Amino acid sequence: MMKGLKKWRLFSLLAVMTVFLSACGEEYISTLKPAGAVGKEQFNLLLFSITIMALVVIVVSVLYLYAFMKARRSKLGDDYMPKQVEGSHTLEVIWTVIPIVLLLILAVPTLIGTYKFADVKAMEEVDEEGNKTALTVNVTAKLYWWEFEYPEQGIITAQELVVPTGEKVYFNLKAADVKHSFWIPAVGGKMDTNVENMNKFYLEFDEESEGLKDGVFYGKCAELCGPSHALMDFKVKAVDRAEFDQWVAAMQSTEGATASADSTDLGEQTFANSCLMCHAVSGVGAAGAMGPNLTAFGDRNRVAGVLEHSKESLEEWVADPESIKPGNLMTGKYGELSDEEISAVADYIMSLSVEQ
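Counting in our numbering, the sequence shown runs from 848 upward without gaps.
Rendered as structure tokens:
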């Protein structure tokens, strides 16, 4: 009876593992299906390392089984004494040199890749007019959201990063409060964002995200940063260069946009009185706002990075953000809004869009 139960336990464990591992092949978030040059090189290095380690395991296992079968007691008897090789210089050289060689084989491509991915000199290159030729994005990680500033284009957004395909995109990474970590699993390895210093690296996006689930790549915070760390997501929309330029122009055209407290629209009026001090509705401005820039909120695919992009989800967030992301800075600020005001401000925010 117990033997049968153990088998069912094993079956249940394998079934649960299958459910969890079924997401490993999703292109929008899987490191096993890289969608960029950096991710592909890192994936190839991972396969190379696994091959070397598997080879070591196989060789050691074969030697162990060979010794086990050849020197078993039933074959050689109780009194058999094998040849003693203690102090053998030949064997000591072999088991010292081989690990060193294997470590070098692993270390050389790893170091080459590390220095290659850290080469950001192109960030400072300029054309004849003095304009930088590389696209640079300043990323600021905050509890529990992401701010993306495009300094050369003079625009700023949040929670959804928009990038062109087929070229290197350089990132300046920093944190506004505690340590976070910027990670787009399907495109490249993570990089920490620190309060004290700025980290820099680049990624390449080979594929447009339109055909993926939700039309975006998923980004994550990969450093435990607080009670809502698991909910600190962002999305990446990868488009061709022409569409990216159109998006930049649309964001730039919002310069000076604001909400009026004198508006006859209840949603805009409520936003101006209760939200505008923390949230901008213009894509042109300075970084460092208290809350995410909402200029293109209507074009996003998530509310607060994790909820379905709908008016109902937005109303839920505005009414009680603490229940969704514990510890976020909006907590406790909107308890005085009526249901009518929450509904109206949700309509207003959902209407903020730059895409045609």
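The beta carbon of each residue, even a glycine, is placed where N, CA and C say it ideally should be. Treat the numbers as computed from the prediction; the structure is a model and nothing was measured.
Judged by beta-carbon spacing, valine 1016 lies beyond the 8 Å limit of valine 986, meaning their Cβ atoms are not closer than that value. Under the three-state reduction of DSSP output, methionine 1038 falls in the strand class.
Only residues of its own chain outside the window of five on either side were considered, and among them Trp992, Ala1005, Gln1006 have a CB closer than 6 Å to the CB of proline 1139, listed in chain order.
Judged by DSSP secondary structure, histidine 936 falls outside any beta strand (DSSP E) and instead within the alpha helix (DSSP H) spanning 936-964.
At a Cβ-Cβ threshold of 8 Å, valine 1086 and proline 1011 count as neighbours.
Separation of the CB atoms of histidine 1156 and valine 1150 is rounded to 6 Å, and the pair is thereby assigned contact status at 8 Å.
Counting the other Cβ atoms within 10 Å of the Cβ of histidine 936 gives fewer than 16, which makes it exposed. Looking at the DSSP output, threonine 980 sits in no beta bridge, so it has no partner there.
If the five residues before and after isoleucine 1002 are omitted, its C-beta is found closer than 7 Å to the C-beta atoms of Val1095, Met1098, Gln1099, Gly1130, Val1131, all from its own chain and listed in chain order. For the 8 Å CB-CB criterion, alanine 1104 and valine 1128 form a contact.
For phenylalanine 1081, the secondary structure class from DSSP, reduced to helix, strand or coil, is strand. For glutamate 999, no alpha helix (DSSP H) segment is defined, and its DSSP state is neither H nor E. Contact check between the stretch 1040-1051 and the stretch 897-916: fewer than three CB pairs, one atom from each, fall below 8 Å, which does not count as touching. If you compare the alpha carbons of Ile952, Thr1142, Asp926 with that of glutamate 994, the shortest gap goes to Thr1142.
The Cβ atoms of glutamate 1070 and lysine 1026 sit closer than 8 Å to each other. When DSSP states are grouped into helix, strand and coil, proline 1168 belongs to the helix group. Residue state for serine 1185 is assigned as coil, using DSSP reduced to three classes.
Rounded to whole angstroms, the Cβ separation of glycine 883 and glycine 1035 is 6 Å, and the two are in contact under 8 Å. Ranking Ile897, Pro1032, Arg919, Arg920 by CA distance to the CA of valine 885 puts Pro1032 first.
The residues Gln1006, Glu1007, Lys1082, His1156, in chain order, have a CB closer than 8 Å to that of arginine 1147 in the same chain once the five nearest residues on each side in sequence are set aside. Judged by DSSP secondary structure, leucine 893 falls within the alpha helix (DSSP H) whose first and last residues are 884-917. For alanine 1022, the uninterrupted beta strand (DSSP E) segment begins and ends at 1015-1022. DSSP places serine 1107 in the coil class of the three-state scheme, outside both helix and strand. Annotation for glutamate 1051: the continuous beta strand (DSSP E) segment containing it runs 1046-1051. Proline 1074 has no beta-bridge partner at all, per DSSP. Excluding sequence positions up to five before and after aspartate 974, its CB lies within less than 6 Å of the CB of Thr980, all in the same chain and listed in chain order. Secondary structure of valine 863 (DSSP, three-state): helix.
Under DSSP, histidine 1027 shares a beta bridge with Thr1040.
Phenylalanine 1064: member of the beta strand (DSSP E) spanning 1064-1068, first to last residue.
With at least 16 other beta carbons inside 10 angstroms of its own, glutamine 1000 counts as buried. Non-local beta-carbon contacts of glutamate 1115 in its own chain, meaning distances under 8 Å to residues more than five positions away in sequence, involve Ala1106, Ser1107, Tyr1195 in chain order.
Taking the Cα positions, lysine 989 is about 9 Å away from lysine 1021. Counting every other CB atom within 10 Å of its CB across the protein chains shown gives asparagine 978 a total below 16, marking it as exposed. The closest CA to that of histidine 1076, considering only Val967, Ser1028, His1126, Thr878, is found on Ser1028. Judged by their CB atoms, glycine 1062 and tryptophan 1030 are not nearer to each other than the 8 Å cut-off. Taking all protein chains shown into account, isoleucine 947 has fewer than 16 neighbouring C-beta atoms within 10 Å of its C-beta and is therefore exposed.
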